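Novice:
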Amino acid sequence: MEGSIAIAETVRLCKPQVIPAYPITPQTHIVEGLASIIADGRLDAEYICVESEFSALSACIGASAAGSRVYSATTSQGLALMTEVVFNAAGMRLPIVMGIANRAISAPLSIWNDQQDSIMMRDSGWIQLYAEDNQEAIDMHILAYKVCEDYNILLPAFVCFDGFILSHVYEPVDLPTQELVDSFLGPFNPYQKLDPKDPISFGMYATPEYYMEFRYEHDQAVHRAAEAIKKYGKEFGEVFGRDYSELVVGYKLEDAETAIVAMGSICGTVKDAIDEMRAEGKKVGLLNLRCFRPFPSTDVAKALAHVNTISVLDKNVSLGAKGAVAIEIKEACYGSNIPVYDYILGLGGRDVRKRDIKKIVELAEKGEGDMFYGLREEVL
Amino acid sequence: MVDRTIENFDCGHRACGGCGASAAVRMILKGAGKNTIVVSPTGCLEVFSTPYPETAWKTPWIHSLFENASAVASGIEASLKKQGRLDKEKILVIGGDGATVDIGTLCISGAFERGHDFTYVCYDNEAYMNTGIQRSGATPYDADTTTSPAGVCSTGNNRPKKDLPQILVAHGSPYVATATMAYPMDLMKKVETAMNTKGPCYIQVHTPCCTGWGYDGAKTMEIGRMAVECGLWVNYEIVNGELTSAKKVKRVPVDDYLKAQKRFRHLFKPVRNDAEIAKIQAIADKNAKKYGIDIE
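Protein chains in written order, with this note's numbering: chain A, 1 to 380; chain B, 381 to 676.
(1) Within 10 angstroms of its Cβ, does B:C391 collect 16 or more other Cβ (buried), or is it exposed?
(2) Quick one: residues in its chain with C-beta nearer than 7 Å to the C-beta of A:D150, no 5 flanking neighbours on either side, listed in chain order?
(3) Nearest chain A C-beta to B:C581 closer than 9 Å, yes or no?
(4) Establish whether the CB of A:V50 and some CB of chain B are separated by less than 9 Å.
(5) For B:V691 and B:W437, I'd like the C-alpha separation in whole angstroms.
(6) Closest by CA to B:P650, which one among B:R605, B:K639, B:I660 and B:K659?
(7) Just reading off the alpha helix (DSSP H) that A:T387 is part of, what are its end residues?
(8) Could you confirm whether any beta carbon from chain B is found closer than 9 Å to the beta carbon of A:P26?
(9) Tell me which residues of the region 444–478 of chain B have at least one Cβ-Cβ distance to chain A shorter than 7 Å, keeping chain order.
(10) Just the C-alpha distance for A:V352 and A:A101, rounded to the nearest angstrom, thanks.
(11) Skipping 5 residues on each side, what residues in its chain have a beta carbon closer than 6 Å to that of A:G78?
(12) I'd like the ranges of any alpha helix (DSSP H) spanning at least 4 consecutive residues and lying wholly in the region 38–86 of chain A.
(13) At 4 residues or longer, what runs of the alpha helix (DSSP H) sit wholly inside the region 568–632 of chain B?
(14) Whose C-beta lies closer than 7 Å to the C-beta of B:F492 among residues of the same chain, with five residues either side of it excluded?
(15) Look at the Cβ atom of A:I38, then the Cβ atom of A:I61, and state whether they are nearer than 9 Å.
(16) Can you grab the Cα-Cα spacing for the pair B:P360 / B:M509, in whole Å?
(17) Any chance the region 225–241 of chain A sits against the region 468–480 of chain B, with 3 or more Cβ pairs inside 8 Å?
(18) So A:F158 and A:A65 are supposed to be a Cβ contact under 8 Å. How far apart are they, rounded?
(19) Got a sec: which bits of the region 63–86 of chain A sit with their beta carbon under 9 Å from any beta carbon on chain B, in order along the chain?
(20) Between A:I61 and chain B, is any beta-carbon pair separated by less than 9 Å?
(21) In angstroms, rounded to a whole number, what distance separates the CA positions of A:G233 and A:H141?
(22) Cutting at 6 Å between CB atoms, please list the residues of its own chain near B:I329, excluding the five before and the five after it.
(23) Indicate the three-state DSSP secondary structure (helix, strand or coil) for A:G250 in the structure shown.
(24) For the beta strand (DSSP E) that contains A:F292, what are its first and last residues?
(25) In terms of residue numbering, what span does the alpha helix (DSSP H) encompassing B:T527 cover?
(26) Indicate whether the contact test is met: 3 or more Cβ pairs, each with one atom in the region 345–364 of chain A and one in the region 261–278 of chain A, closer than 8 Å.
(27) Per DSSP, which one or two residues make a beta bridge with A:P20?
(28) Flag this pair as yes or no: are the beta carbons of A:A262 and A:L304 separated by less than 9 Å?
(29) Identify the contact partners of A:P156 in chain B, using a Cβ-Cβ distance below 9 Å as the criterion.
(30) Within the same chain, show all residues whose beta-carbon is closer than 7 Å to that of A:S106, passing over the 5 residues directly before and after it, in chain order.
(31) What does A:N409 pair with, by DSSP beta-bridge criteria?
(32) Rounded to whole angstroms, what is the Cα-Cα separation between B:C590 and B:A607?
(33) Between the alpha carbons of B:G536 and B:T439, how many angstroms are there, rounded?
(34) Compute the distance between the beta-carbons of A:Y133 and A:K315, then report whether it is under 9 Å.
(35) If A:L43 and A:R12 are in contact, beta carbons under 8 Å, what's the gap, nearest whole angstrom?
(36) Mark A:L409 as exposed unless 16 or more other C-beta atoms lie within 10 angstroms of its C-beta, in which case mark it buried.
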């Protein structure tokens, strides 16, 4: 099944009541899939063909505040257009789940994959989960609703999956049954809603006497989400047989001397490269970051405590600084004296192969890092 | 029948004394009836009515951003429909002219094109008052604002008001009307009509702003009436694209309305600017002809 269709079918199983959507490559197959599912009567939901991504998320805010479970999906420029609403939805503490088919940001225009789009929303107060494959992408959608709707959390979440590399790839997935999803998720029961029987005001303005406390409570909720993801990730494993109780997942990391840290679909390529390097006697392992917000600093530091070198693969760049993941890893490993090397790669759909991973490990062993990897010198 | 006993906008809010918008909102909520969910974009109204932890709203109310009230309303409508609540509950957006005719136009256009069942009321005080009287697309010709100041090289705002009601008529809105807080019964009745009309309805309400327009706050109603009496504001209804009513007046020249407000004082001092006043009179004359408001 194509990744996007698997995601659309999974969203169906989560029974959102309102889906405002605006098409953008490479998210289109998801919103087309959902439109077909509703047209065929397989999901009883209101589908709103909004006039922009800005309105898509704005409509999600209205529908969620009125008491409905909602879903939307976007990417890249669409997410950028939503920016103001992204921060607002999180500040209003609405449990919206949105799929992000990760794509590069213009200019120059690129429809291909990197992770700059969701990374630029780093500080927005949304949970950010990153899928390695399509199975994780669909599982994380179900898990995200469970976490977001917890009254102790009440946050929106991005489920991030690499555009084209996952959204358009056909691979086998285990699509859960409706019964199992119902038993895990249950119907949406909003903490509070717009209701004439109990009129409340949403989205009031805060003077300097109150604003900081709102931000503090929001920050605390994002931190609390780490434990909630672990708790519900474990429950998810008990129900569906696939465990998500860890925010970071190691691969051949226990005895590794060199660790690679990565997010998303690139982890699959890294694992294959590691297998080959292991066969050559190189002790290389992977730390897969499943969750970027909240950032699992303690888990990262613990998982990487024993390695000699850390290579971070960043499909994004904070221009004028480093890759966003490397910045976080350095913070997590502060005081450990383990060198952390950053490699900006795969931007705008530039392919990353096993040989590139091996080359990066060689560079790290020589102490060469903090660079754009794989530049075509001849066009510079 | 408007239930005038409804009081869903409480006293104690932070509006200026003599605020036309706050008085209008009280009337609008009477016209809207019970079980109304209100969406407000950012603006004067939102700020003076909801300083956390206080709220003036005794009906469910939501504010998200400056430009997205119609999109938020679209989501609420879809949600209520899915929950089977739309036959009992209604959705009303109340936003200022900046949020309506300028920054929120795309969201309004989208929501009206999609045909959501809600009413949008714009309280039109003819500039960005919350941020300090800057020009909006609804600012009238020659008004002095902080971003269209009158000066040696300027007679104030150099463009006429954007005609958003006609733009929404072109969207196929079943009910588009204009009103003023100076005629409360007419305003309440029109809001009631809009709320009971299926589909996206729009009402633009003239709400004088003593702070921004420069007049004594005790004269808000009077200023509102003067605008109608000189033809610079016309109260009309357009039902399914057809003009069905327009308040007729024994029209007076625009001079007294302009003279009463500091935003137009540069047209009279140091010397009367006959040419500019004639242009404003021409706007009133055009309105009168277009809507047939003159009592012969």
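Every residue gets a Cβ at the ideal spot worked out from N, C-alpha and C, and that includes glycine.
Here the structure is a predicted model, which means the values were calculated and not measured.
Specialist: Checking against the coordinates, here is how it stands:
(1) Walking along the second sequence from the start, residue 391 of chain B turns up at place 11. Looking at its Cβ environment, which holds fewer than 16 other Cβ atoms inside 10 Å, B:C391 is exposed.
(2) Position 150 of the first sequence, counted from the start, is the residue given in the question as residue 150 of chain A. For A:D150, where only same-chain residues beyond five positions count, the Cβ hits under 7 Å are A228.
(3) As a working note, residue 581 of chain B is residue 201 in the second sequence. With 9 Å as the cut-off, B:C581 does not count as an interface residue toward chain A.
(4) Here the question's residue 50 of chain A lines up with position 50 in the first sequence. At a cut-off of 9 Å between beta carbons, A:V50 contacts chain B.
(5) Lying before the first or after the last residue shown, residue 691 of chain B is absent from chain B, which here runs from 381 to 676.
(6) By one-based count along the second sequence, residue 650 of chain B stands at place 270. Comparing Cα positions, the closest option is B:K639.
(7) This structure does not reach residue 387 of chain A, given that chain A is present from 1 up to 380, and the question cannot be answered.
(8) Position 26 of the first sequence, counted from the start, is the residue given in the question as residue 26 of chain A. Not one chain B Cβ lies under 9 Å of A:P26.
(9) Residues S444, L445, N448, A451, V452, A453, S454, G455, I456, A458, S459, L460, K461, K462, Q463 and E469.
(10) Position 352 of the first sequence, counted from the start, is the residue given in the question as residue 352 of chain A. Position 101 of the first sequence, counted from the start, is the residue given in the question as residue 101 of chain A. Rounded to whole angstroms, the separation of the alpha carbons of A:A101 and A:V352 is 18 Å.
(11) Residue mapping note: residue 78 of chain A aligns to position 78 of the first sequence, counting from 1. So the qualifying residues of the chain are I24 and E53.
(12) Fully enclosed alpha helix (DSSP H) runs of 4 or longer: 53–65.
(13) Counting only runs of 4 or more, we get 590–593 and 600–610.
(14) Within the second sequence, the letter at position 112 stands for residue 492 of chain B. The residues are L548, H551, S553 and P580.
(15) The residue you call residue 38 of chain A lines up with position 38 of the first sequence. The residue you call residue 61 of chain A lines up with position 61 of the first sequence. No; because the gap between Cβ atoms is not below 9 Å, this pair is not in contact.
(16) An answer regarding residue 360 of chain B cannot be provided, because it is not within the stretch 381 to 676 covered by chain B.
(17) The region 225–241 of chain A vs the region 468–480 of chain B: no contact.
(18) Residue numbering aside, residue 158 of chain A sits at position 158 when the first sequence is read from its first letter. Residue numbering aside, residue 65 of chain A sits at position 65 when the first sequence is read from its first letter. Not confirmed; about 19 Å, so no contact.
(19) Listed by position along the chain: A63, S64, A65, A66, G67, S68, V70, E84 and V85.
(20) Indexing the first sequence from 1 puts residue 61 of chain A at position 61. True, the Cβ-Cβ gap to chain B drops below 9 Å.
(21) Here residue 233 of chain A refers to the residue found at position 233 when the first sequence is read from its first residue. Here residue 141 of chain A refers to the residue found at position 141 when the first sequence is read from its first residue. Distance between the alpha carbons of A:G233 and A:H141: 12 Å.
(22) This structure leaves residue 329 of chain B out entirely; chain B is present only between 381 and 676.
(23) Here residue 250 of chain A refers to the residue found at position 250 of the first sequence. DSSP places A:G250 in strand when its eight states are reduced to three.
(24) Stepping through the first sequence from its first residue, residue 292 of chain A is reached at position 292. Its beta strand (DSSP E) spans residues C291 to R293.
(25) Counting from one through the second sequence, the residue named residue 527 of chain B turns up at place 147. It is not in any alpha helix (DSSP H) - B:T527 carries neither H nor E in the DSSP assignment.
(26) Segments in contact, yes.
(27) Taking the first residue of the first sequence as 1, we reach residue 20 of chain A at position 20. The bridge partners DSSP lists for A:P20 are A:I48.
(28) Here residue 262 of chain A corresponds to residue number 262 of the first sequence, with the count starting at 1. Here residue 304 of chain A corresponds to residue number 304 of the first sequence, with the count starting at 1. In this structure, A:L304 does not lie closer than 9 Å to A:A262 by Cβ.
(29) By one-based count along the first sequence, residue 156 of chain A stands at place 156. Residues of chain B whose Cβ lies closer than 9 Å to the Cβ of A:P156 do not exist, since the nearest Cβ in that chain is about 13 Å away.
(30) On the first sequence, residue 106 of chain A is found 106 positions in, with the first residue counted as 1. In chain order, Q77 place their CB closer than 7 Å to the CB of A:S106, counting only its own chain and leaving out the 5 sequence neighbours on each side.
(31) Given that chain A is displayed from residue 1 to residue 380, the structure contains no residue 409 of chain A and the question cannot be resolved.
(32) Working through the second sequence from its first residue, we reach residue 590 of chain B at position 210. Working through the second sequence from its first residue, we reach residue 607 of chain B at position 227. B:C590 and B:A607: Cα-Cα distance of roughly 14 Å.
(33) What you label residue 536 of chain B is simply residue 156 of the second sequence in a count that begins at 1. What you label residue 439 of chain B is simply residue 59 of the second sequence in a count that begins at 1. Answer to the nearest angstrom: the Cα atoms are 40 Å apart.
(34) In the first sequence, the residue the question calls residue 133 of chain A occupies position 133. In the first sequence, the residue the question calls residue 315 of chain A occupies position 315. At residue 133 of chain A the sequence reads Asp, which differs from the Tyr that was named. No, the pair does not count as a contact, with Cβ atoms beyond the cut-off.
(35) Start at 1 with the first residue of the first sequence, and residue 43 of chain A comes out as number 43. Start at 1 with the first residue of the first sequence, and residue 12 of chain A comes out as number 12. Rounded, the Cβ-Cβ distance is 5 Å, consistent with contact.
(36) There is no way to answer for residue 409 of chain A, as the model of chain A reaches only from 1 to 380.
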